[in-house]
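The structure appears below as structure tokens.
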Amino acid sequence: MQVVNKQEKVQLVGLDEESSEFICRNTFDHPYPTTKLMWIPDTKGVYPDLLATSGDYLRVWRVGETETRLECLLNNNKNSDFCAPLTSFDWNEVDPYLLGTSSIDTTCTIWGLETGQVLGRVNLVSGHVKTQLIAHDKEVVILDVRVPCTPVARLNNHRACVNGIAWAPHSSCHICTAADDHQALIWDIQQMPRAIEDPILAYTAEGEINNVQWASTQPDWIAICYNNCLEILRV
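Numbering (the working numbering), first residue to last: 5 to 239.
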């Protein structure tokens, strides 16, 4: 099942195997435009169907067959009406009770889902942090976290700003990048540190690609979104 955000509503869509078309399974209102949506990483199927969304706050929703209801709202600024919108978040795959958010106020926060409390917070413009990663460029830089100051590869084929990247869930050597140049490119980086000149696969969409996701349980499929469209690509 895929997720589509539509004018402050979230649609849950699924593939009708008989017609081979996407149909809307469920729709619910969202108080603020979403910046990211993510299902709980649950490859073994032991958790409820939980969907997290970021916007003004981090929200976790419980998805049922007929309705979707808010499970919890995570807000660490309860003493003020002002909130710094969240730009993105990620769900810990090893421990799904942990989520990390990034905010427009330059802070990153780690949340505990069971308690709804902040477990840690980092301000990226204070302390001893002296490096930043800038994503609004047409170049993709691959780093080795053991030597983070020295890029091990640069991917240069995009002709406009890169908006999303997704590692292959089944391979440590393949990555998909998506950009404003309408292209989704798949790269094989196993020859690092030798230069990587060209992608191994390319797809051109009809609009600027805003985001990309590689299916973790079915790695033959990649989802991209552009304009008001969602497309599922087979690798």
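Where a beta carbon is used, it is the ideal one built from N, C-alpha and C, also for glycine.
Checklist entry - Is DSSP giving residue 40 helix, strand or coil here? => result Here residue 40 refers to the residue found at position 36 of the sequence shown. DSSP places residue 40 in strand when its eight states are reduced to three.
Checklist entry - How many angstroms separate the CA atom of residue 77 from the CA atom of residue 62? => result Taking the sequence shown and counting its residues from 1, the one referred to as residue 77 is at position 73. Taking the sequence shown and counting its residues from 1, the one referred to as residue 62 is at position 58. For residue 77 and residue 62, the distance between alpha carbons rounds to 6 Å.
Checklist entry - Do residue 38 and residue 15 have their C-beta atoms closer together than 7 Å? => result Stepping through the sequence shown from its first residue, residue 38 is reached at position 34. Stepping through the sequence shown from its first residue, residue 15 is reached at position 11. No, the pair does not count as a contact, with Cβ atoms beyond the cut-off.
Checklist entry - Does the beta-carbon of residue 251 have 16 or more other beta-carbons within 10 angstroms, so that it is buried, or is it exposed? => result The structure shown does not extend to residue 251, since the chain is modelled only from 5 to 239, so the question has no answer here.
Next on the checklist: Just to confirm my understanding: we take residue 134, look at its own chain, exclude 5 residues before and 5 after, and list those with CB closer than 6 Å. What are they?
Outcome noted: Start at 1 with the first residue of the sequence shown, and residue 134 comes out as number 130. Note that residue 134 has pLDDT 38, beneath the 50 cutoff, so the model's placement of it is unreliable and the number below is only indicative. None.
Checklist entry - Does DSSP put residue 121 in a helix, in a strand, or in coil? => result Residue mapping note: residue 121 aligns to position 117 of the sequence shown, counting from 1. DSSP places residue 121 in strand when its eight states are reduced to three.
Next on the checklist: Taking the beta strand (DSSP E) that residue 198 belongs to, which residues open and close that run?
Outcome noted: As a working note, residue 198 is residue 194 in the sequence shown. Taken as a continuous stretch (DSSP letters only), residue 198 belongs to no beta strand (DSSP E), as it is neither H nor E.
Checklist entry - Roughly how many angstroms lie between the CA atoms of residue 106 and residue 121, to the nearest whole one? => result For the purposes of this step, residue 106 is identified with residue 102 of the sequence shown, where counting begins at 1. For the purposes of this step, residue 121 is identified with residue 117 of the sequence shown, where counting begins at 1. Cα-Cα distance, rounded: 16 Å.
Next on the checklist: Quick check on this structure: which residue in 189, 188, 220 and 13 has the alpha carbon closest to the alpha carbon of residue 48?
Outcome noted: For the purposes of this step, residue 48 is identified with residue 44 of the sequence shown, where counting begins at 1. Closest option to residue 48, Cα to Cα, is 220.
Item to check | Completely contained beta strand (DSSP E) runs for the region 45 to 98, where each covers 3 or more residues | outcome: 54 to 58, 62 to 67, 72 to 78 and 90 to 95
Item to check | Pair within 7 Å by beta-carbon distance, residue 227 and residue 217 | outcome: Position 223 of the sequence shown, counted from the start, is the residue given in the question as residue 227. Position 213 of the sequence shown, counted from the start, is the residue given in the question as residue 217. Cβ atoms of residue 227 and residue 217: closer than 7 Å.
Next on the checklist: Please report the straight-line C-alpha distance between residue 22 and residue 109, rounded to a whole angstrom.
Outcome noted: Against the sequence shown, residue 22 aligns to sequence position 18. Against the sequence shown, residue 109 aligns to sequence position 105. So the alpha carbons of these two residues sit roughly 47 Å apart.
Next on the checklist: Using a Cβ distance threshold of 8 Å, determine whether the region 146 to 165 contacts the region 184 to 202, with at least three qualifying pairs required.
Outcome noted: yes
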